[in-house]
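> Going left to right, the sequence shown walks through residues 42 to 294 as the working numbering numbers them.
The structure that follows is given in the form of structure tokens.
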Amino acid sequence: MTEAKSDIHLYTDQTANGIKISMLLEELGVPYKVTAIDISKNTQKEPWFLEINPNGRIPALTDTFTDGSPIRLFESGSIMQYLVDRYDTEHKVSYPRGTREYWEVNNWLFWQMGGLGPMQGQANHFARYAPEKIQYAIDRYQNETRRLYRVMETQLSKSTSGYLVGDKCTVADLACWGWVAGSNWAGVSLDDFPHLNAWLDRVLARPGVERGRHVPKKHTALENRHKTEEEMDKEAGKTRAWVQQSMAADAKK
Ligand SMILES: N[C@@H](CCC(=O)N[C@@H](CS)C(=O)NCC(=O)O)C(=O)O
42 MTEAKSDIHL YTDQTANGIK ISMLLEELGV PYKVTAIDIS KNTQKEPWFL
92 EINPNGRIPA LTDTFTDGSP IRLFESGSIM QYLVDRYDTE HKVSYPRGTR
142 EYWEVNNWLF WQMGGLGPMQ GQANHFARYA PEKIQYAIDR YQNETRRLYR
192 VMETQLSKST SGYLVGDKCT VADLACWGWV AGSNWAGVSL DDFPHLNAWL
242 DRVLARPGVE RGRHVPKKHT ALENRHKTEE EMDKEAGKTR AWVQQSMAAD
292 AKK
């Protein structure tokens, strides 16, 4: 039984970074409230939100801390570590501190935060949202994303559980899943990665992941597997204008 009392409030949108947290909360079976943030309306830049995340990005989370006062969490990696530390006392998706597996999970968590997320995010930007097609930038970030998928593929090919670390699904898998599920949007094919494909389905088959991936609204990234480049480019047009406006506003700060 989870002993800590939860007062968790998650502020999120339907993105690869956002669903990490709802999937984790569902896997842990911890109750939480959700406020849907529509990032295309820049709610994440409003003063009340910046009090929770001064960086103006989702996901963000608040809770009542062990001392009885509110605590804020931002950066998905930090949020995941907090939730595991406080609420995964049974080590459902983590390993106890001081074990080798604990540190190996940490390796992959930081690898996702510093590598997979930022590189694939830039692949998305240059392949889908940039006002002009700069081939060098598209190649650079798509190749880097593909290289990182190869790193995961190699790790998974050696795994007896089919998960990234040890004998179970951990926060390392949950952190990476939404990004790999969004491979088509980044313009990177998973065809050459059989272990990664199998892992994608294995994680997807988990009931907690299935519930969590649809927070705060339906997860549709996997449907891109059946779309053409032209269809995805057309869809990206809706977001492109917002990305350009946000960049122009940020440049003035
Ligand atoms: N490193 C951050 C990245 C967060 C992030 O980039 N969030 C995006 C959605 S996935 C966002 O809020 N974008 C809104 C904006 O750029 O204004 C994390 O892991 O939490």
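Glycine included, every Cβ here is placed at the ideal spot set by N, Cα and C.
Please indicate yes or no: does the CB of residue 57 lie closer than 7 Å to some heavy atom of ligand 1?
Within the cutoff, so yes.
> Given the structure, does residue 288 come close to ligand 1, in the sense that its CB is under 7 Å from one of the ligand's heavy atoms?
Checking every heavy atom of ligand 1 against the Cβ of residue 288, none is found closer than 7 Å.
> When the Cβ atoms of the region 97 to 108 are set against those of the region 47 to 59, are three or more pairs found closer than 8 Å?
Yes, they touch.
> How far does the beta strand (DSSP E) with residue 75 in it extend, from its first residue to its last?
Start and end: 73 to 77.
> By DSSP, does residue 105 sit in helix, in strand, or in coil?
DSSP places residue 105 in strand when its eight states are reduced to three.
> If we ignore side chains and look at the alpha-carbon of each, how far apart do residue 243 and residue 279 end up?
Between residue 243 and residue 279, the C-alpha separation is close to 32 Å.
> Let me check understanding here. Comparing Cα to Cα, which of 52, 69 and 264 lies closest to residue 85?
Looking at the Cα atoms, 52 is the closest of the given residues.
> By the three-class DSSP mapping on this structure, what secondary structure does residue 186 have?
Helix, per DSSP.
> Quick one: Cα of residue 112 to Cα of residue 64, how far?
Rounded to the nearest angstrom, the two C-alpha atoms are 21 Å apart.
> Cβ of residue 266 within 7 Å of any heavy atom in ligand 1?
Residue 266 Cβ: outside cutoff for every heavy atom of ligand 1.
> To the nearest angstrom, how far is the alpha carbon of residue 155 from that of residue 117?
Residue 155 and residue 117: Cα-Cα distance of roughly 12 Å.
> Which first and last residues belong to the alpha helix (DSSP H) in which residue 90 is found?
That run of the alpha helix (DSSP H) goes 88 to 91.
> Please find out if some non-hydrogen atom of ligand 1 comes closer than 7 Å to the beta-carbon of residue 154.
Yes - ligand 1 has a heavy atom lying nearer than 7 Å to the Cβ of residue 154.
> At a cut of 8 Å, does the region 226 to 239 reach the region 67 to 80 through at least three beta carbon pairs?
The region 226 to 239, when compared against the region 67 to 80, does not touch it at the 8 Å Cβ threshold.
> Mark residue 193 as exposed unless 16 or more other C-beta atoms lie within 10 angstroms of its C-beta, in which case mark it buried.
So residue 193 counts as buried.
> Let me check you understand the geometry: is the CB of residue 179 closer than 7 Å to at least one non-hydrogen atom of ligand 1?
No, Cβ of residue 179 sits at least 7 Å from all heavy atoms of ligand 1.
> Would DSSP call residue 280 helix, strand or coil?
Helix.
> Does ligand 1 have even one heavy atom less than 7 Å from the beta-carbon of residue 118?
Yes, ligand 1 has a heavy atom inside 7 Å of this Cβ.
> Going by beta carbon distance, what residues of the same chain come within less than 6 Å of residue 168, once the five residues before and after it are set aside?
Within the same chain, residue 168 has close Cβ partners 179 and 228.
> Is residue 284 near residue 212, with beta carbons less than 8 Å apart?
Going by C-beta atoms, residue 284 is not nearer than 8 Å to residue 212.
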